[in-house]
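Read the structure below first, then the notes.
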Amino acid sequence: MLNSKMVELNQRLDAALELGIDKCLRDADRLDGFPHVTRNGDWLVSEHGRWTAGFFVGMLWLAGLVRGSEEIFETADAWAARLYSRSFDRTTHDMGFLFEPSVVRGYNILGRTGHRATAIQAARSLATRFHSKGGYIPAWSPEEDPCYLGLAIVDTVMNLSILLWAGRQTSDDELTTVGRRCAETIRAQHVRPDGSTYHTVNHDNESGAVTERNTHQGAHSESCWTRGQAWALYGFAKVGRMTGSEDMLATAQQVADHFLERLGDRALPPWDFDRDFDDEPRDSAAGAIAASGLLELGRNSGESAYTDAGRRIVLGLIETCVDFARIETPGLLMHGTVDYPRNSGVDESIIYGDHYFMEALVKLRHPQHWDVLGCS
Ligand code: GLY
Numbered sequence: 001m002l003n004s005k006m007v008e009l010n011q012r013l014d015a016a017l018e019l020g021i022d023k024c025l026r027d028a029d030r031l032d033g034f035p036h037v038t039r040n041g042d043w044l045v046s047e048h049g050r051w052t053a054g055f056f057v058g059m060l061w062l063a064g065l066v067r068g069s070e071e072i073f074e075t076a077d078a079w080a081a082r083l084y085s086r087s088f089d090r091t092t093h094d095m096g097f098l099f100e101p102s103v104v105r106g107y108n109i110l111g112r113t114g115h116r117a118t119a120i121q122a123a124r125s126l127a128t129r130f131h132s133k134g135g136y137i138p139a140w141s142p143e144e145d146p147c148y149l150g151l152a153i154v155d156t157v158m159n160l161s162i163l164l165w166a167g168r169q170t171s172d173d174e175l176t177t178v179g180r181r182c183a184e185t186i187r188a189q190h191v192r193p194d195g196s197t198y199h200t201v202n203h204d205n206e207s208g209a210v211t212e213r214n215t216h217q218g219a220h221s222e223s224c225w226t227r228g229q230a231w232a233l234y235g236f237a238k239v240g241r242m243t244g245s246e247d248m249l250a251t252a253q254q255v256a257d258h259f260l261e262r263l264g265d266r267a268l269p270p271w272d273f274d275r276d277f278d279d280e281p282r283d284s285a286a287g288a289i290a291a292s293g294l295l296e297l298g299r300n301s302g303e304s305a306y307t308d309a310g311r312r313i314v315l316g317l318i319e320t321c322v323d324f325a326r327i328e329t330p331g332l333l334m335h336g337t338v339d340y341p342r343n344s345g346v347d348e349s350i351i352y353g354d355h356y357f358m359e360a361l362v363k364l365r366h367p368q369h370w371d372v373l374g375c376s
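So, in structure tokens, the structure goes:
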């Protein structure tokens with residue numbers, strides 16, 4: 001039987017979710033572009049959607065699921081359609097971030113063939129980036145910066161589920177093979193023996209061999225950038241579920257154990273685990289991603305300790321990063337950090353922080369919707 005403490009905590013979770021729903025519905029009405037990060041108290045928006053547009057659409061689907069509203073689904077659907085043309089983009093690894101919470105989730109909910117075709121196209125565009133000798137997908141385009149040639153980042157593991165999903169939808173083994181091989185490479189090249197992760201790995205473009213391990217947004221080459229660790233935790237948990245690979249699941253657990261050990265009894269992580277000082281910024285987005293990933297890992301592994309840790313982090317983030325009095329203020333989760341070394345988006349609300357926080361809340365309070373949330 002639920003005791004009164006449990007009832008009170010569940011009410012807290014429900015209140016945070018309702019606040020998030022109210023905020024994203026208001027944003028859907030008033031914004032003309034996709035929200036990315038707050039600055040001076042409002043969202044920076046873009047028509048193009050950068051790499052983050054899928055998260056706002058994903059939040060609208062979550063809102064529709066929780067409220068059981070066809071009208072909200074129509075709103076989500078209209079925002080998702082604005083992303084369709086991006087499915088042909090071959091210049092980035094971000095296709096899972098863009099299309100899983102938005103278009104795959106929308107397809108799972110409404111069954112529209114346009115969403116299915118778009119998500120498959122996105123996976124095919126992503127697969128064109130695969131370096132078959134090296135077994136990796138470069139993150140960004142060398143046209144943007146020549147240094148990006150051969151540069152892989154740990155975040156990519158989150159983008160592999162759309163390849164595995166599209167492989168299943170189309171029976172195209174090549175998509176599945178690219179997803180599996182890339183996951184194996186990230187596991188071998190980015191995960192250190194202690195379960196921490198390297199953010200970036202550089203490769204020789206000819207041979208595909210590793211030339212350097214470093215970081216882009218972390219403190220230094222040997223540090224553990226917190227959000228990269230959170231992406232790895234969640235990404236390997238998803239790949240483990242979708243491939244049935246015990247090795248991938250074991251890696252997800254190893255990465256999760258490292259994250260939890262360094263987080264200790266806190267909920268709000270430092271921006272980099274190796275810059276864990278009181279006067280350094282925090283990254284609530286890393287906390288939210290890790291929490292939703294831990295809930296996924298708890299479900300996949302049957303280890304309730306991960307579920308408990310995910311719930312504890314969500315409750316802690318409510319205490320430290322949600323202001324229930326800021327009903328009109330854009331952004332749900334305060335204290336996120338986009339890129340501390342470049343002083344970009346420090347101590348702000350970030351759309352992926354809000355998305356994964358709301359996703360974790362839905363998993364905790366509305367688990368009947370879990371199976372439509374993403375790729376399977
Ligand atoms: N995937 C980019 C980031 O987490 O900042």
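Everything in the sequence shown is counted per the numbering used here, starting at 1 for the first residue and increasing by one. Don't be surprised by glycine CBs; every beta carbon is placed ideally from N, CA and C. Bear in mind the structure is a predicted one, so any value in this text is a computation, not a measurement.
Any non-hydrogen atom of the ligand GLY within 6 Å of residue i CB
| i | result |
| --- | --- |
| E155 | Here residue 155 is Asp; the residue named in the question, Glu, does not match the sequence. D155 Cβ: within cutoff of the ligand GLY. |
| R227 | yes |
Three-way DSSP call (helix, strand, coil) for residue i in this model
| i | result |
| --- | --- |
| E70 | helix |
| L373 | coil |
| T92 | coil |
| Y136 | strand |
| R213 | strand |
| S279 | The displayed chain sequence assigns Asp, not Ser, to residue 279. Coil. |
| R39 | strand |
| N205 | coil |
| S46 | strand |
| W271 | coil |
| H131 | strand |
| L65 | helix |
| A78 | helix |
| W231 | helix |
| T226 | helix |
| A219 | coil |
| L443 | As displayed, the chain neither begins before 1 nor continues past 376, which places residue 443 out of reach and without an answer. |
| T200 | strand |
Buried versus exposed call for residue i [16 or more other C-beta atoms within 10 Å across all chains shown]
| i | result |
| --- | --- |
| T128 | exposed |
| A78 | exposed |
| E359 | buried |
| C147 | exposed |
| S196 | buried |
| E8 | exposed |
| P138 | buried |
| I318 | buried |
| P193 | exposed |
| K133 | exposed |
| P367 | exposed |
| S284 | buried |
| S292 | buried |
| F236 | buried |
| H48 | exposed |
| M145 | Reading the sequence as shown, one finds Asp at residue 145 and not Met. With fewer than 16 Cβ atoms within 10 Å of its Cβ, D145 is classed as exposed. |
| T38 | buried |
| H199 | buried |
| D27 | buried |
| H355 | buried |
| D278 | exposed |
Residue-level contact to chain C via CB, residue i, 7 Å cutoff
| i | result |
| --- | --- |
| L31 | The structure shown contains no chain C; it holds only a single protein chain. |
Indicate whether the contact test is met: 3 or more Cβ pairs, each with one atom in the segment 225 to 238 and one in the segment 270 to 289, closer than 8 Å. yes
Which runs of the beta strand (DSSP E) at least 3 residues long sit entirely within the segment 318 to 351? Give them in chain order. 336 to 339, 344 to 348
I want to know whether the segment 103 to 119 touches the segment 58 to 75 - three or more CB-CB distances under 8 Å. yes
Are at least three pairs of beta-carbons, each pair with one atom in the segment 88 to 104 and one in the segment 159 to 178, less than 8 Å apart? yes
Entirely enclosed alpha helix (DSSP H) segments - the segment 163 to 189, minimum 4 residues: none
Are the segment 346 to 353 and the segment 206 to 214 touching by the rule of at least three beta carbon pairs closer than 8 Å? no
Quick one: any contact between the segment 242 to 262 and the segment 323 to 335, if contact means 3 or more CB pairs under 8 Å? no
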